[in-house]
Amino acid sequence: MTDTGLFGAETLALHAGQSPDAMHGSRATPIHFTTSYVFADADQAAALFNLEQPGHVYSRISNPTNAVLEERTAALEGGVGAIAVASGQAALHLAVTTLMGCGGHIVASRSLYGGSHNLFAYTLPRFGIETTFVDPRDPDAWRSAIRPETRLLFGESLGNPGLDVLDIPTVAAIAHAAKLPLLVDATLVSPALQRPFDLGADLVMHSATKFIGGHGVAVGGVLVEGGRFDWEASGLYPTLTEPYDGFHGMDFAEESPVAAFLLRARREGLRDFGACLSPMNAFQILQGLETLPLRMRAHVDNARRVADHLAASPLVDRIAYPGLATHPDHALAERLLPDGCGAVLAFDLKGGREAGRAFIGALRLFSHLANVGDAKSLVIHPASTTHFRMSAPDLAASGIGEGTVRLSVGLESCGDLLADLDRGLYAVGKLLKA
Amino acid sequence: MDRLIRQQTCRIYTGGRDFDPRLPSVVLIHGAGHDHSVWHYQARHLAHHGFGVLAPDLPGHGASAGAPLESIDAMADWLLDMLDACGVEHAVLAGHSMGSLIALATAARARERTRKLILIGSVAPMPVAPALIDAACSAPGRAHAMINQWSYSATAQLGASASPGTSLLGINQRLMARQAAGVLATDLRACDAWQDGLSCAAQVSCPTLLISGQRDQMTPPRAVKPLFDALVNVAGGARMMTLQGAGHAMMAEAPQALNNAIRGFLNT
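Residue numbers (our numbering), protein chains in the order written: chain A, 1 to 434; chain B, 1001 to 1268.
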């Protein structure tokens, strides 16, 4: 039992947000493949548009299948609600545009997924929103980067791909002292390993494509509100605390003091930007979500053994996995991630870029592709793929070297994974001797 | 809107429309540890159907200043001051849980000003488990969890919220946690201590509707009978209605059914 719910994570993952379909008794979540919903009469239509009664109008705004994913994720995170969107990037964009417009400023960790870095560094400036990147381990850097126009602090629970552990309590305290919210991208940990709201975060986002979905079949994202941040007391968020002409003059914080952010994000962001999730994707992600706690335990067990195995190899220069005592954030990880540090790890091979190519080329079970969080094991070379847009200094600052290899450890028999990695290491050994 | 009542700022939600005292007024009174936002759907519905809606944050709750009032009688006196401050002479009074006791006490005090009375999730007297009051004093988080456990039907405890994408238990916990320290305990003590419900009921002169949730564990339908019996034979008479499947938190669990029940009663 948690502070917001009465059930454990395994139960919530299976049941939260759905009761058997009233008409047919369907136990599984039905896929509501419909764009729109028939109004009973003109009065009901008006009532739905006026938010006098809850319900679905058009699937860009809400959909019954998506609503199950939203409510289930919110229950697992301990939040007040969620919005499912087309991808993790759509979730991040929705969060930013709900909180600020032209002239806004973000302070973000410099250890980010390449796509998020790209959004902040290159795309949002075109719309007048600037970002200052800071060393996530340096509290003073977070603090000193805050400006009068700052509206959001942002970091990843586990930075990608260096696996820096975000000190959420410390960064949240810095944010709150400045009357700002902290948004955490918790994709690499999932609510099975960490609930950022319990640590002080105010908003959480996921690329549900990854561990939440867990099977590499559907792209999707989820944005969750924690419900503790007082938008009205902050005084910095007119989008939430002043009448909005685009929706009947609604003052979202007055309508719903604890879920004002979600109310605006759905009524404006989903409606106008339109990055909605297909109900088919929501269904597929829900199938994965049902077993999330079980899968994450198995992912963590395998990842830990893989990390130990690689750490013992003389061909590995450096391994980034906070579960290892050699990681600079190991002590923090023990405090903030007591159930495990996820299943993504990165390491540098002796021999740089060529060694990386040889290693990846020799693997048979690990699939070489641009994703993490699949039940199957994955491998990639970040400098030439996910982070290729970053300059050499930015790569170095993010802990990415020419020979850095990132693994997403899956659920295969661990002995088979270790044997596959040995094939890669053997190829590196041969290269270095040549 | 914000109004100055007894020299303190009071937040009054008006359902998304400017309050017009020329319209029939409906006052929506929230329960213990809550604020106006529990009435989100009902307030908007009534405000868009010809009523002037006043859903105040009681003193010390939500965005209203001051300390929480310590008795149901004090809350009823304050409510009459609020009506005066809003220029309202006559009103329908609707309350949920503790708010229903405030509505009942107000209706007994101001018979000529109360057009109709709607008591939602109401029993009188309203004893509160000592364990809950103790928890509200010493471990609010535990009290919030207890209230969440008792406020929702078994179905709603696992979700399938009427409002797409929201967690009913999450919203309720955060709403209670947002109130200042001591507010919930003060409210619960006020409910527990107030013994005048049945005598107030005997003084009510307007029609009354009692609405219960079929699965309400806090104020179960069978426990409503003494209050109904006290109201049914007074001048205005009383009706009882049960919302199928709903728990104590009817405004969120069964918003449409509650809207319909309230509208139906107001239109008779």
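Even for Gly, the Cβ is constructed at its ideal location relative to N, Cα and C.
Going along chain A, which residues have a C-beta under 9 Å from residue i?
i, result
"B:HIS1248", "In chain order: nothing, as chain A lies at least about 14 Å away."
"B:ASP1035", "PRO257"
Quick check on residue i: buried or exposed, where buried means 16 or more other Cβ atoms within 10 Å of its Cβ?
i, result
"A:SER384", "exposed"
"B:GLN1195", "exposed"
"A:PHE211", "buried"
"A:TYR122", "exposed"
"A:ASN63", "buried"
"B:GLN1007", "exposed"
"A:PRO148", "exposed"
"A:PHE49", "exposed"
"A:ARG126", "exposed"
"B:LEU1046", "buried"
"A:GLY399", "buried"
"B:ALA1258", "In the sequence as displayed, the identity of residue 1258 of chain B is Leu instead of Ala. Burial call: buried."
"A:CYS341", "buried"
"B:ARG1174", "buried"
"B:MET1251", "buried"
"A:VAL38", "exposed"
"A:MET23", "exposed"
"B:LEU1169", "buried"
"B:SER1199", "exposed"
"A:PHE388", "exposed"
"B:MET1001", "exposed"
"A:LEU294", "exposed"
Which residues in chain A sit within 7 Å of residue i, going by Cβ to Cβ distance?
i, result
"B:ARG1174", "VAL80, GLY227, ARG228 and VAL258"
"B:GLY1016", "HIS248 and MET250"
"B:SER1138", "Result: empty, since nearest Cβ-Cβ is about 16 Å, beyond 7 Å."
"B:ALA1261", "The contacting residues do not exist; B:ALA1261 stays about 13 Å from chain A at best."
"B:GLY1264", "Simply none; closest approach about 13 Å."
"B:GLN984", "Residue numbering for chain B in the displayed model covers 1001 to 1268; residue 984 of chain B lies beyond these limits and cannot be assessed."
"B:ARG1178", "PRO257 and VAL258"
According to DSSP, simplified to helix, strand and coil, what is residue i?
i, result
"B:GLN1203", "helix"
"B:CYS1010", "strand"
"A:LEU365", "coil"
"A:ILE400", "coil"
"A:GLU156", "strand"
"B:MET1218", "coil"
"B:ASP1002", "strand"
"B:ASN1260", "helix"
"B:GLY1033", "coil"
"B:CYS1191", "helix"
"A:ILE439", "The structure shown has nothing for residue 439 of chain A, since chain A only spans 1 to 434."
"B:THR1268", "coil"
"B:GLY1213", "strand"
"B:MET1241", "strand"
"A:THR11", "helix"
"A:VAL428", "helix"
"A:THR35", "coil"
"A:CYS276", "strand"
"A:ARG151", "strand"
Which partner residues does residue i have in the DSSP bridge list?
i, result
"B:VAL1224", "Answer by DSSP bridge pairing: none, since B:VAL1224 is not bridged."
"B:ALA1091", "B:SER1025 and B:THR1114"
"A:PHE347", "A:ILE319 and A:VAL405"
"A:ILE83", "A:LEU223"
"B:PRO1056", "B:ILE1012"
"A:MET250", "A:TYR244"
"B:HIS1096", "B:ILE1120"
"A:ILE380", "A:ARG406"
"B:THR1166", "A:GLY81"
"B:THR1208", "B:LEU1117 and B:ALA1238"
Name the chain B residues that come within less than 9 Å of residue i, Cβ to Cβ?
i, result
"A:SER59", "Result: empty, since nearest Cβ-Cβ is about 11 Å, beyond 9 Å."
"A:LEU332", "What A:LEU332 touches in chain B: nothing, since even the nearest Cβ is about 25 Å away."
"A:LEU270", "In chain order: nothing, as chain B lies at least about 10 Å away."
What does residue i touch in chain A if you count any residue whose Cβ is under 8 Å from its own?
i, result
"B:ALA1032", "Here the premise fails: no neighbours, minimum Cβ distance about 17 Å."
"B:THR1155", "SER19"
Applying a beta-carbon distance threshold of less than 7 Å, which residues of chain B neighbour residue i?
i, result
"A:ILE83", "GLY1165"
"A:ASN437", "No answer is possible for residue 437 of chain A: it lies beyond the span of chain A, which begins at 1 and ends at 434."
"A:SER62", "PRO1164 and GLY1165"
Using the beta-carbon of each residue, which ones in chain B are nearer than 8 Å to residue i?
i, result
"A:ALA53", "For the record, residue 53 of chain A in the displayed sequence is Gln; it is not Ala. Within chain B, the residues near A:GLN53 are TYR1041, HIS1045, PRO1255, GLN1256 and ASN1259."
"A:ALA74", "GLY1165, THR1166, SER1167 and GLY1170"
Practice problem: May I have a chain-ordered list of the beta strand (DSSP E) segments no shorter than 3 residues that lie completely inside the region 103–147 of chain A? | Solution: DSSP runs (the beta strand (DSSP E)) wholly in the region 103–147 of chain A: 105–109 and 130–134.
Quiz prompt | Completely contained beta strand (DSSP E) runs for the region 161–239 of chain A, where each covers 3 or more residues | solution = The region 161–239 of chain A contains these whole beta strand (DSSP E) runs: 182–185, 203–207 and 221–225.
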